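Novice: This structure is in structure tokens; I'll ask about it shortly.
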């Protein structure tokens with residue numbers, strides 16, 4: 019039996035568990051079985067419906083605050099599975115829920131369970147839905163740190179060199195990053211978001227950011243950025 023994430027968040031990192039406990043809430047949506055019965059009444063069944071029902075059981079009704087980075091117009095507001103079958107290009111995936119604001123793309127989950135966005139084509143952001151939640155939690159946690167720098171477009175591409183220049187930075191495994199990812203070191207976070215740039219084929223939408231916990235780290239990193247011309 020699949021338990022709702024608010025009832026059993028044990029598969030998430032401590033950071034993400036704290037995030038959904040303190041910032042999340044549960045909204046009334048169809049239960050997993052109600053959703054299955056709805057589609058059964060329409061003669062719909064199969065692997066995609068099964069995955070949508072599983073998503074509903076685990077994530078349905080989870081309401082989250084706006085994404086704490088200036089992307090995706092705030093992200094998903096309330097998570098629930100919805101059929102996008104009326105869109106021919108989306109017949110193979112399902113919607114992930116209601117957005118905070120009207121956006122040009124759809125947040126979706128594909129048959130492999132990857133979380134991503136769909137516009138004229140599909141871009142997978144994370145290998146799992148949990149990865150999206152972990153990234154939301156990191157973005158939220160970063161707001162309590164000192165922001166060393168943020169970059170857009172071509173500058174964001176150049177700033178990715180930091181993942182090589184700062185030898186201690188390693189990808190945060192729970193994020194399961196694909197188009198979007200986070201790196202961490204002791205007291206340092208680095209985010210690289212490429213999803214919007216890829217889905218809209220717009221280099222200007224690429225985004226990266228660097229954060230530090232301590233003032234000492236912040237000063238060292240600012241000096242490094244100056245040396246790198248960032």
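In the numbering used here, the protein residues as written are 19 to 248. Backbone N, C-alpha and C define an ideal beta-carbon position, used for all residues, glycine too. Bear in mind the structure is a predicted one, so any value in this text is a computation, not a measurement.
(1) Can the beta-carbon of residue 93 be found less than 8 Å from the beta-carbon of residue 85?
(2) In chain order, what are the residue ranges of uninterrupted alpha helix (DSSP H) at least 4 long that sit wholly in the segment 61-91?
(3) Go ahead and label residue 139 buried or exposed: buried means 16 or more other beta carbons lie within 10 angstroms of its beta carbon, across all protein chains shown.
(4) Whole angstroms is fine: what's the gap from residue 68's alpha carbon to residue 233's?
(5) Does DSSP classify residue 121 as helix, strand or coil?
(6) Using the C-alpha atoms, what's the distance from residue 246 back to residue 57?
(7) Could you check whether the segment 175-193 touches the segment 110-128, counting it as contact only if at least three pairs of C-beta atoms, one from each stretch, sit closer than 8 Å?
(8) What residue ranges within the segment 128-170 form continuous alpha helix (DSSP H) runs of no fewer than 4 residues, ordered along the chain?
(9) How long is the line joining the alpha carbons of residue 126 and residue 136, rounded to whole angstroms?
(10) On the criterion of 16 or more Cβ atoms from any shown chain inside 10 Å, does residue 63 qualify as buried, or is it exposed?
(11) Under 8 Å between the Cβ atoms of residue 187 and residue 203?
(12) Nearest-angstrom Cα distance between residue 52 and residue 74?
(13) Quick check on this structure: which residue in 19, 180, 29 and 46 has the alpha carbon closest to the alpha carbon of residue 146?
(14) Which value, in whole angstroms, describes the spacing of the CA atoms of residue 144 and residue 131?
(15) Exposed or buried, what is residue 5 when buried is set at 16 or more other beta-carbons lying within 10 Å of its beta-carbon?
(16) Quickly, what does DSSP pair residue 44 with across the bridge? List them, please.
(17) In chain order, which continuous runs of the alpha helix (DSSP H) of length 4 or greater are located wholly inside the segment 199-237?
(18) With contact counted as at least three CB pairs below 8 Å, one residue from each stretch, are the segment 191-210 and the segment 35-52 in contact?
(19) May I ask which residues mark the beginning and end of the beta strand (DSSP E) holding residue 193?
(20) Using C-beta distances below 6 Å, list every residue in its chain close to residue 42, excluding the 5 sequence neighbours before and after it, in chain order.
(21) Beta-carbon separation of residue 190 and residue 156 under 8 Å?
(22) Nearest to residue 95 by CA position, among 25, 150, 102 and 101, is which residue?
(23) Decide if residue 40 is buried, meaning its Cβ has at least 16 other Cβ atoms within 10 Å, or exposed.
(24) Looking at the unbroken beta strand (DSSP E) that takes in residue 94, where does it start and where does it end?
Specialist: Taking the geometry as given:
(1) For the purposes of this step, residue 93 is taken as residue 75 along the chain shown, with counting starting at 1. For the purposes of this step, residue 85 is taken as residue 67 along the chain shown, with counting starting at 1. For residue 93 and residue 85, yes; Cβs fall inside 8 Å.
(2) 65-77
(3) Taking the chain shown and counting its residues from 1, one reaches residue 139 at position 121. Per the 10 Å Cβ criterion, exposed.
(4) Counting from 1 along the chain shown, the entry for residue 68 is found at position 50. Counting from 1 along the chain shown, the entry for residue 233 is found at position 215. Each residue's alpha carbon lies about 49 Å from the other.
(5) Within the chain shown, the letter at position 103 stands for residue 121. Correct three-state label for residue 121: coil.
(6) The residue you call residue 57 lines up with position 39 of the chain shown. The residue you call residue 246 lines up with position 228 of the chain shown. Distance between the alpha carbons of residue 57 and residue 246 is about 56 Å.
(7) no
(8) 147-160
(9) The residue you call residue 126 lines up with position 108 of the chain shown. The residue you call residue 136 lines up with position 118 of the chain shown. Rounded to whole angstroms, residue 126 to residue 136 spans 7 Å at the Cα level.
(10) For the purposes of this step, residue 63 is taken as the residue at position 45 of the chain shown. Flag for residue 63 reads exposed.
(11) Counting from one through the chain shown, the residue named residue 187 turns up at place 169. Counting from one through the chain shown, the residue named residue 203 turns up at place 185. Yes.
(12) Indexing the chain shown from 1 puts residue 52 at position 34. Indexing the chain shown from 1 puts residue 74 at position 56. Taking the straight line joining both Cα atoms gives about 10 Å.
(13) For the purposes of this step, residue 146 is taken as the residue at position 128 of the chain shown. Of the listed residues, the one whose Cα sits closest to residue 146 is 29.
(14) As a position in the chain shown, residue 144 is number 126, starting the count at 1. As a position in the chain shown, residue 131 is number 113, starting the count at 1. Residue 144 and residue 131: Cα-Cα distance of roughly 9 Å.
(15) With the chain running from 19 to 248 in the structure shown, residue 5 is simply not present.
(16) Within the chain shown, the letter at position 26 stands for residue 44. DSSP lists 80 as partners of residue 44.
(17) 213-217
(18) no
(19) In the chain shown, the residue the question calls residue 193 occupies position 175. Premise fails: residue 193 is in no beta strand (DSSP E) and is neither H nor E.
(20) Residue mapping note: residue 42 aligns to position 24 of the chain shown, counting from 1. The answer, listed in chain order, is 80 and 82.
(21) To locate residue 190, count along the chain shown from 1; it is residue 172. To locate residue 156, count along the chain shown from 1; it is residue 138. In this structure, residue 156 lies closer than 8 Å to residue 190 by Cβ.
(22) Residue mapping note: residue 95 aligns to position 77 of the chain shown, counting from 1. Ranking 25, 150, 102 and 101 by Cα distance to residue 95 puts 150 first.
(23) Position 22 of the chain shown, counting from 1, holds the residue named residue 40. Residue 40 comes out exposed.
(24) On the chain shown, position 76 is the one that residue 94 refers to. Counting along the chain, the beta strand (DSSP E) containing residue 94 begins and ends at 94-101.
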